[in-house]
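Asker: Would you mind keeping the following structure in view while I ask a few things?
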Amino acid sequence: MNGVKNMQDNFRNPNDLVSQIEQLTKKTAVIPSLEHQLHTMKHREKVFRRQSAIFPSASSLDVSKAKTDNETVSKLTVELERVRSELERTNEINMAQKEEIKRQNRKILDLSTKPQKLVAIFQEEMQKKDELIRKLNDEVVDLRGQIRVAIRVRDFNKDPSFNFQITSQNEVKFQQNNFSNVFAFENVFQPGASQPEVFDDIKELILCALHGKNVSLIAYGPTSSGKTYTMRGESGDEKKGVIPRAIGFLLEQSKRELAVIGWTYNFDASFIEVYNEEVFDLLDDKKKLEMKQTTTVGSKKIPIKDMADVTDLLELADSQRSVATTACNQHSSRSHAIFQINIDGVHKSGETVKCCLNLVDLAGSERAKESGAQGKQFTELTKINQSLSTLKKCIRAQKTKMPHVPWRESKLTILLRDYLGAGSSKTMFIAHVNPSDASETKRTLEFTADLRSTNIGKATVQTGQ
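Whatever position you read off the sequence shown (first residue = 1), add 1 for our numbering.
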């Protein structure tokens with residue numbers, strides 16, 4: 002019995018169980034031999050008893066031998082019963098263990114398949130949620146107008162000759178002489194607005210690009226009004242501009258929420274500038290590019306995998322962009338810069354998207370007399386003003402539904418045509434004003450009024466097919 006007890010105590014260890022079974026198997030093998038010995042001894046006992054009855058004078062030696070044989074028979078009987086009992090108990094324990102193993106295997110199988118079922122349910126729910134978010138996001142953006150306009154106001158010193166007031170989160174008021182008007186916007190960013198606050202307001206528009214819509218965000222305004230700061234920003238996380246924030250946002254969304262529901266994205270970027278009515282590649286030693294319809298030919302595209310790629314790319318472009326010092330601005334951009342992020346998305350169902358996010362930093366308009374521009378800078382100023390004037394004419398022609406829109410009068414408007422007049426883009430302008438300059442502020446506000454009342458058509462999903 003002690004053997005069986007020890008075996009039960011050690012049963013939790015599979016190796017001990019195997020050892021016990023092997024030992025019992027060996028003992029089981031001797032059962033036939035013990036049975037044979039027992040049978041022989043019992044037969045001998047019967048023979049001895051018959052002989053004793055016939056020959057009462059049998060020797061004491063025979064009696065002693067008979068007694069010894071009886072003892073041996075008793076021991077063999079006890080041993081045989083012990084081995085049989087031990088084997089029976091072991092078989093019961095073994096069967097119980099097999100049933101327990103089966104039960105545990107069923108439990109493990111259930112546990113292993115349950116997460117898969119939960120993941121499948123979660124992915125299905127996330128897919129439904131994503132479709133709803135896309136629909137609602139599109140409705141919100143469309144309700145705000147196909148060309149959305151926000152305005153960012155730079156710090157300024159008040160001029161008694163005119164009055165500029167921020168009257169609400171969505172309106173500003175401009176008064177000068179007999180002119181007075183209130184201008185409405187999607188948002189008014191006050192002088193104290195931070196870079197993160199500005200980006201938070203445009204994130205929903207950036208998200209449309211991951212849903213397959215072409216998206217354009219254009220910084221517009223006179224020189225020294227803060228356009229490049231908004232788009233490019235400065236060093237430090239808090240001062241990063243729209244361009245690095247937008248790329249970071251795309252990478253984060255594509256690798257987290259959208260990856261969960263089966264989307265895989267690839268991004269690459271190009272960075273070009275329109276300088277003196279010629280197009281140059283800021284990522285390829287400022288190589289001059291040819292135009293074909295509304296796109297450039299041969300512009301360099303750099304894959305984007307993480308933010309380190311973005312940092313290198315922007316530093317390269319910054320070193321190539323045309324800037325100069327004028328009386329209006331110490332670091333005046335002398336070109337229109339167009340940063341394009343090309344997006345290729347594939348869903349596990351086979352659905353594809355192929356679209357573009359355009360982040361545009363327009364050069365600022367300025368007057369020759371105030372800027373002190375001469376020679377080369379005067380030529381730059383003239384080309385900048387001409388291209389911006391053409392942009393305004395194109396917007397006004399669309400607003401009044403004229404039969405001809407003069408897109409081809411400027412390289413800038415040729416490049417922006419697909420995003421301002423072809424109905425394939427969601428577009429937003431961030432107008433910038435420096436209210437210290439009354440005339441430029443008035444012109445900027447009047448142009449934004451035209452922008453907000455211009456219908457460029459509903460954007461559609463771009464599949465690349």
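Backbone N, C-alpha and C fix where the C-beta goes; we use that ideal spot for every residue, glycine too. In this text the structure is predicted, and so the values were computed from the model without any measurement.
Using 10 angstroms around the beta-carbon of Arg13, count the other beta-carbons present and answer buried if the total reaches 16, otherwise exposed.
Answerer: With a pLDDT of 47 at Arg13, under the threshold of 50, the predicted position of this residue should be treated as unreliable, though the coordinate-derived value follows. With fewer than 16 Cβ atoms within 10 Å of its Cβ, Arg13 is classed as exposed.
Asker: For Glu235, which three-state DSSP category applies?
Answerer: coil
Asker: Can you give the beta carbon distance from Lys355 to Gln463, rounded, assuming they're within the 8 Å contact cut?
Answerer: 6 Å
Asker: Can you check DSSP and say which residues form a bridge with Ala338?
Answerer: Glu274, Asp362
Asker: What does the alpha-carbon distance come out to for the pair Glu291 and Glu239?
Answerer: 38 Å
Asker: For Gln399, does the three-state DSSP call read helix, strand or coil?
Answerer: Of the three classes helix, strand and coil, the one that applies to Gln399 here is helix, per DSSP.
Asker: According to DSSP, is Asp160 helix, strand or coil?
Answerer: coil
Asker: Might you give, ordered along the chain, the residues of its own chain that have their beta carbon closer than 6 Å to the beta carbon of Asp10, omitting 5 neighbours on each side?
Answerer: Residue placement at Asp10 is flagged as unreliable, the pLDDT there being 48, under the threshold of 50; the coordinate-derived value follows with that caveat. Hits under 6 Å: none found.
Asker: With burial defined as no fewer than 16 other Cβ atoms inside 10 Å of the residue's Cβ, what is the status of Met308: buried or exposed?
Answerer: exposed
Asker: State the Cα-Cα distance for the pair Leu413 and Val406, rounded to the nearest angstrom.
Answerer: 14 Å
Asker: How long is the line joining the alpha carbons of Met429 and Ser162, rounded to whole angstroms?
Answerer: Distance from the CA atom of Met429 to the CA atom of Ser162, rounded to whole angstroms, is 31 Å.
Asker: Please state whether the Cβ-Cβ distance between Lys243 and Thr224 is less than 8 Å.
Answerer: The residue you asked about is not Lys; residue 243 is Val in the sequence shown. No.
Asker: Between the alpha carbons of Asp451 and Lys393, how many angstroms are there, rounded?
Answerer: 9 Å
Asker: Residue range of the alpha helix (DSSP H) that Phe186 falls in?
Answerer: First-last for Phe186: undefined, no H or E at that position.
Asker: Are Val311 and Ile248 close, meaning C-beta to C-beta below 8 Å?
Answerer: yes
Asker: Assuming Val275 and Ser426 make a contact with CB atoms under 8 Å, what is their CB distance in whole Å?
Answerer: With a Cβ gap of about 18 Å, Val275 and Ser426 do not count as contacting.
Asker: Rounded to whole angstroms, what is the Cα-Cα separation between Glu352 and Ile339?
Answerer: Their Cα atoms are separated by approximately 29 Å.
Asker: Report the residue from Cys209, Lys287, Ile303, Asn215 whose alpha carbon sits nearest the alpha carbon of Leu259.
Answerer: Cys209
Asker: I'd like to know whether the C-beta atoms of His337 and Leu363 end up nearer to each other than 8 Å.
Answerer: Yes, these two residues count as a Cβ contact at 8 Å.
Asker: If Phe175 and Phe190 are in contact, beta carbons under 8 Å, what's the gap, nearest whole angstrom?
Answerer: Contact flag wrong, Cβ pair sits at about 17 Å.
Asker: When the distance is taken between beta carbons, is Ser217 closer than 8 Å to Tyr420?
Answerer: In this structure, Tyr420 sits near Ser217, with a CB-CB distance shorter than 8 Å.
Asker: Once DSSP output is grouped into helix, strand and coil, what is the label at Lys301?
Answerer: Correct three-state label for Lys301: coil.
Asker: Should Lys204 and Phe268 be called a contact, given that it needs their Cβ atoms to be closer than 8 Å?
Answerer: No, the Cβ-Cβ distance between Lys204 and Phe268 is not below 8 Å.
Asker: Report yes if the C-beta distance between Ala270 and Gln341 is below 8 Å; otherwise report no.
Answerer: yes
Asker: Given a cut-off of 8 Å on the beta-carbon distance, is the pair Ala439 and Asp160 in contact?
Answerer: yes
Asker: Among residues of its own chain, excluding the 5 on either side of Ser300, which ones have a beta-carbon nearer than 7 Å to its beta-carbon?
Answerer: Ser271, Ile273, Asp282, Leu290
Asker: Around the C-beta of Pro436, are 16 or more other C-beta atoms found within 10 angstroms, so that it is buried, or is it exposed?
Answerer: buried
Asker: Please classify Gly376 as buried or exposed, where buried requires at least 16 neighbouring CB atoms within 10 angstroms.
Answerer: exposed
Asker: Quick one: give me the first and last residue of the beta strand (DSSP E) that Val173 is part of.
Answerer: The continuous beta strand (DSSP E) containing Val173 extends over residues 172–177.
Asker: Measure the Cβ-Cβ separation of Ile431 and Ala220 and say whether it is below 8 Å.
Answerer: yes
Asker: Do Asn215 and the ligand ADP come close, with the Cβ less than 7 Å from some heavy atom?
Answerer: For the structure depicted, the ligand ADP is absent and the ligand set is empty, with no information on it obtainable.
Asker: For Glu447, collect the residues of the same chain with a Cβ closer than 7 Å to its Cβ; drop the 5 residues on either side in sequence, then sort them by chain order.
Answerer: none
Asker: By a C-beta neighbour count over all protein chains shown, 10 Å radius and 16 as the cutoff for buried, is Thr41 buried or exposed?
Answerer: exposed
Asker: For Val280 and Lys228, I'd like the C-alpha separation in whole angstroms.
Answerer: The alpha-carbon atoms of Val280 and Lys228 are separated by roughly 20 Å.
Asker: Less than 8 Å separating the beta-carbons of Lys400 and Ser454?
Answerer: yes
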